[in-house]
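Step one of this worksheet: look at the structure below.
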Amino acid sequence: MESFLYYQNTIYFIVFAVISGLMLLFTHKRGGNGQGALSAKEAVQLSNTEHAQFIDIRSEEDFKKSSLPQSKHFPKDSIIEKISALPKKPLILVCENGRSAAQVAQQLKKNNVENVYWLKGGLNEWLTEGLPVKSASAKK
Numbered sequence: 002m003e004s005f006l007y008y009q010n011t012i013y014f015i016v017f018a019v020i021s022g023l024m025l026l027f028t029h030k031r032g033g034n035g036q037g038a039l040s041a042k043e044a045v046q047l048s049n050t051e052h053a054q055f056i057d058i059r060s061e062e063d064f065k066k067s068s069l070p071q072s073k074h075f076p077k078d079s080i081i082e083k084i085s086a087l088p089k090k091p092l093i094l095v096c097e098n099g100r101s102a103a104q105v106a107q108q109l110k111k112n113n114v115e116n117v118y119w120l121k122g123g124l125n126e127w128l129t130e131g132l133p134v135k136s137a138s139a140k141k
């Protein structure tokens, strides 16, 4: 009677399992460096599980018109100067479409700020997903 490990199909299964495990490990490690684009749903999940703070980097005028609930405002032009005022928790940067937030996240990382993410697609993506916003018209 042949051993279980000597069957040809078993060897393929073991190789597949090892490769799958390595792929999962590398994907986890790559995502674990605190930088990356998050979908709106991933951002909400990170906010709920790790108490991540949404940081709106748009202009004061745009922020007052509409913003994510509980987001804090740090305009992109002055955020580097105010690094010490940023919350000491995972940050999710928000702009209009995601591009500016990605650039600012890179700048923050270069200035030793850890756990920085950005909202892929920005506020536009958030609205497309039907998620809530605070707006100036709602305050009237």
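According to our numbering, the residues represented by the sequence shown are 2 to 141, in order. Every residue, glycine too, gets a C-beta built ideally from N, C-alpha and C.
Counting every other CB atom within 10 Å of its CB across the protein chains shown gives TYR118 a total of 16 or more, marking it as buried. Here PHE64 is buried: its Cβ has 16 or more other Cβ atoms, across all protein chains shown, within 10 Å.
Spatial neighbours of TRP127 in its own chain (CB-CB distance under 6 Å, excluding positions within 5 residues in sequence) are listed in chain order as ALA41.
Going by DSSP, LEU124 is part of the alpha helix (DSSP H) stretching over 123-129. Distance from PRO91 to GLU51 at the Cβ level is roughly 5 Å; contact confirmed, criterion being Cβ atoms closer than 8 Å.
Taking a contact to require three or more Cβ pairs closer than 8 Å, the segment 83-90 and the segment 100-120 qualify as touching.
GLY131 is not a Cβ neighbour of ALA38, given a cutoff of 9 Å. With 16 or more other Cβ atoms from the protein chains shown falling within 10 Å of its own Cβ, ASN116 counts as buried. Minimum Cα-Cα distance from LEU124 among the listed residues ASP57, GLN104, SER21 corresponds to ASP57. Beta-carbon to beta-carbon, SER48 and ILE93 are separated by about 7 Å, close enough to satisfy the 8 Å threshold.
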